[in-house]
Amino acid sequence: MDVCEGVGPWARDGKKNESEFTGDLEAYMKSMISGPTQYFWYRTTLQISEDINHPQSFNYKIALALVVAWILVYLCMIKGIASSGKVVYVTATFPYIVLVVSFFRGITLKGMGDGLVHLFTPKWHTILDPVVWLEAGTQIFFSLGLAFGGLIAFSSYNPVDNNCYRDAIMVSMTNCLTSMFAGIVVFSIIGFKATMVYEKCIEMRNSTLLELFGPSYANMVPPKAGEMVRVNFTRNLTNFVMPNLTECNLQKELDNVSSI
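The working numbering numbers the first residue of the sequence shown as 109 and each following residue consecutively.
Set out below in structure tokens:
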């Protein structure tokens, strides 16, 4: 019903998540980083537990969705290349339609520039990290489908004189350009999310300071004691208030959001 009205179900759960502030600013900001969509996905849809040793109740909705997905795969593959060839027209073009729509939406969001700067700013020290190369290799093998049995089976239907070298170059280049384009789409949205979290952090800090000292703090101070109070105010602000306030840093928020 929410989708028919133009409102995603995560919007309702997201508002509930944003209202759950118990006084711990750091924990609240961590929940804000995830956003309403992640909150809806992990808490409402997956009903994820704290760890594997403490499972929740059986999620019949996910089990039913998995069965339906495998039935659809079976129907697409039941007649081999005759049926799967027609399905490819949808499965190959639909992701690009979604990417293009998401791209034009992403570049209109506030903070998208910061996300793209974060994407294209090189971190040269990571070149020597073997984990980075392992993750990159895993991504390439997965996205190209190298040594996947299904692709090997489909390639057997090619003509004997098919130019496999040309196909390999075209698929590799298309995969590379698509990954770069998808990265722009994703990081424009990441920049927006990080900006929203950053502005929320600033708002919470200002609200905390306002609650501690109030807008009329100076009017409550007697004129003769003004100098002494200013010294005590600065000392209290430095030693007590500032260490207990969460640091608001846009670059830190970009790192946190992009690591989710």
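All C-beta atoms in this analysis are idealised placements derived from N, C-alpha and C, irrespective of residue type, glycine included.
- The alpha-carbon separation between Val-305 and Trp-149 amounts to approximately 19 Å.
- Annotation note: the stretch 194-235 contains no uninterrupted beta strand (DSSP E) run of length 3 or greater.
- Distance from the CA atom of Val-268 to the CA atom of Ser-280, rounded to whole angstroms, is 21 Å.
- In the displayed model, Ala-255 falls within coil according to three-state DSSP, outside both helix and strand.
- Pairing Ser-296 with Gly-223 gives a Cβ-Cβ distance under 8 Å.
- Separation of the CB atoms of Ser-287 and Ser-251 is rounded to 7 Å, and the pair is thereby assigned contact status at 8 Å.
- DSSP places Gly-299 in the helix class (H, G or I) of the three-state scheme.
- The C-beta of Thr-303 has 16 or more other C-beta atoms within 10 Å across all chains shown, which makes the residue buried.
- Leu-154 sits in coil when the DSSP states are folded into three classes, being neither helix nor strand.
- Here Gln-146 carries a helix assignment [DSSP, helix/strand/coil].
- It is roughly 46 Å from the alpha-carbon of Thr-152 to the alpha-carbon of Arg-274.
- Pairing Val-293 with Phe-202 gives a Cβ-Cβ distance that is not under 8 Å.
- Taking a C-beta distance under 8 Å as the contact criterion, Phe-300 and Leu-217 qualify as a contact pair.
- For Tyr-273, the three-state secondary structure derived from DSSP is helix.
- Per DSSP, the continuous alpha helix (DSSP H) segment holding Tyr-168 begins and ends at 168-185.
- In summary, Gly-221 is exposed, with fewer than 16 beta-carbon neighbours lying within 10 Å of its beta-carbon over all protein chains present.
- The Cβ atoms of Ile-189 and Phe-262 sit closer than 8 Å to each other.
- The three-state secondary structure of Asn-266, taken from DSSP, is coil.
- Inter-residue distance for Thr-199 and Ser-315 is about 49 Å (C-alpha atoms, whole angstroms).
- DSSP places Ser-165 outside both helix and strand once states are collapsed to three, so it counts as coil.
- Around the CB of Ile-298, 16 or more other CB atoms lie within 10 Å, so the residue is classed as buried.
- For the set Pro-230, Gln-247, Glu-307, Glu-311, the Cα lying nearest the Cα of Cys-284 is the one of Gln-247.
- CA-to-CA, the gap between Ser-191 and Gly-219 works out to about 44 Å.
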